[in-house]
Amino acid sequence: MLLCYDRGFVPAGRHAMGSEATQPEKADQALGRPWAAAALSLGLLLPGAGHVVAGRWRRGVFFCSALLALFGGGVAMDARLALHIGLDDPLALIIELGQIAIGLPYLAARALGFAAGDVRAAGFDYGVTFTATGGLLNVLVALDAMDVALGRRP
Amino acid sequence: MASHLLSLLVFSGLVSAVFAALLRDDPASQRRFGTRLFLGFVLSVVVLGWLMAPLPS
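In order, the protein sequences belong to chains D and F. Its first residue numbered 0, the first sequence is counted upward by one per residue in numbering that gives the first Met the number 0. Its first residue numbered 0, the second sequence is counted upward by one per residue in numbering that gives the first Met the number 0.
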């Protein structure tokens, strides 16, 4: 009897544990690995683009607006956008990698001449915090878009 | 943006909104979680600011 139960004498689409009952439904919503890879890559390039690829355009527009506001606000406060290569100041390296993680907006800001910043400005430190936080949040948002495309998140 | 308080409010609002959308699924719990996170940011900064006030700059 137990052996039969273990072998899966459970109607198709149902599971013994209540929490697993929604797994087939989630699998139905999955877009597949290529779409998940596309959502992750595009999400890292442009905030919110991963969610648009995964079919959650409203959430994508929201993330795009919020993260661009954070990053743009930081640039407006004269944050410096330069990559410091070397391990003599590891904290600065982490912060600058965080800034880069926002993707294309980082390159656009540099191309438009905002790379130098102004260390004498009142908002310089705040600007660096805003830009680095925007980039680091973009990594979480892109990973969330991948999970949505894989059907792990609604 | 010269105001420290305004910077704090903008930063806390944006970060709380993003985390609420990431970590909660339905709108009601997103609003609740985002509000609590925002208040946590602002109140903790104000309390820490007052605690550090006696320290030499």
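Here a beta-carbon is modelled for each residue, glycine too, at the ideal position from N, C-alpha and C. Here the structure is a predicted model, which is why all the values come from computation and not from measurement.
Where residue i meets chain D, residues with beta-carbon distance less than 9 Å
i, result
"F:L47", "Here the premise fails: no neighbours, minimum Cβ distance about 15 Å."
Under 8 Å between C-beta atoms of residue i and residue j
i, j, result
"F:V9", "D:F62", "no"
"F:S2", "F:F40", "no"
"D:A53", "D:A141", "no"
"D:R151", "D:A115", "no"
"F:L21", "F:F32", "no"
"D:A131", "D:G49", "no"
"D:G47", "D:G59", "yes"
Neighbouring residues, chain F, relative to residue i (Cβ below 9 Å)
i, result
"D:R58", "A20"
"D:D88", "Residues of chain F passing the Cβ test: none, with the nearest at roughly 23 Å."
"D:A68", "V9 and L13"
"D:V140", "V17, A20 and L21"
"D:F129", "S6, V9, F10 and L13"
Selection from the options that minimises the alpha carbon distance to residue i
i, options, result
"D:D77", "D:A65, D:S64, D:R109 and D:R57", "D:R109"
"F:R74", "F:L7, F:S11, F:S6 and F:L4", "Here chain F has residues from 0 to 56 only, and residue 74 of chain F is not among them."
"D:A107", "D:G59, D:V74 and D:V118", "D:V74"
"D:F113", "D:D124, D:R58 and D:Y105", "D:Y105"
"F:L7", "D:D146, D:G42 and D:G126", "D:G126"
"D:D183", "D:A81, D:G31 and D:D146", "The displayed coordinates of chain D run from 0 to 153. Any statement about residue 183 of chain D would go beyond what the structure contains."
Chain-ordered chain F contacts of residue i [CB-CB under 8 Å]
i, result
"D:G132", "Looking at the sequence itself, residue 132 of chain D is Thr, so the reference to Gly does not match. Neighbours of D:T132 on chain F, chain order: F10 and V14."
"D:D143", "L21"
"D:R44", "Looking at the sequence itself, residue 44 of chain D is Leu, so the reference to Arg does not match. The premise fails here: D:L44 is roughly 18 Å from chain F at the closest Cβ pair, so nothing lies under 8 Å."
"D:P153", "D24"
"D:L135", "Result: empty, since nearest Cβ-Cβ is about 10 Å, beyond 8 Å."
Interface residues of chain D facing residue i [CB-CB closer than 8 Å]
i, result
"F:A1", "A121 and G122"
Whole-angstrom C-beta distance between residue j and residue i, which should lie under 8 Å
i, j, result
"D:L44", "D:G102", "4 Å"
"D:A100", "D:V138", "5 Å"
Interface partners of residue i on chain F, CB under 7 Å
i, result
"D:Y125", "S6"
"D:F113", "Within 7 Å Cβ-Cβ: nothing; D:F113 doesn't reach chain F, min ~15 Å."
"D:A65", "L13, A16 and V17"
"D:G72", "V9"
Heavy atom of the ligand SAH within 7 Å of residue i beta-carbon
i, result
"F:T34", "Judged by which ligands are present, the structure shown has none, so any question about the ligand SAH falls away."
- Query: Given 8 Å as the limit, is there contact between the segment 81-91 of chain D and the segment 35-54 of chain D, that is, 3 or more CB pairs closer than that?
  - Reply: no
- Quick one: any contact between the segment 57-75 of chain D and the segment 24-32 of chain F, if contact means 3 or more CB pairs under 8 Å? no
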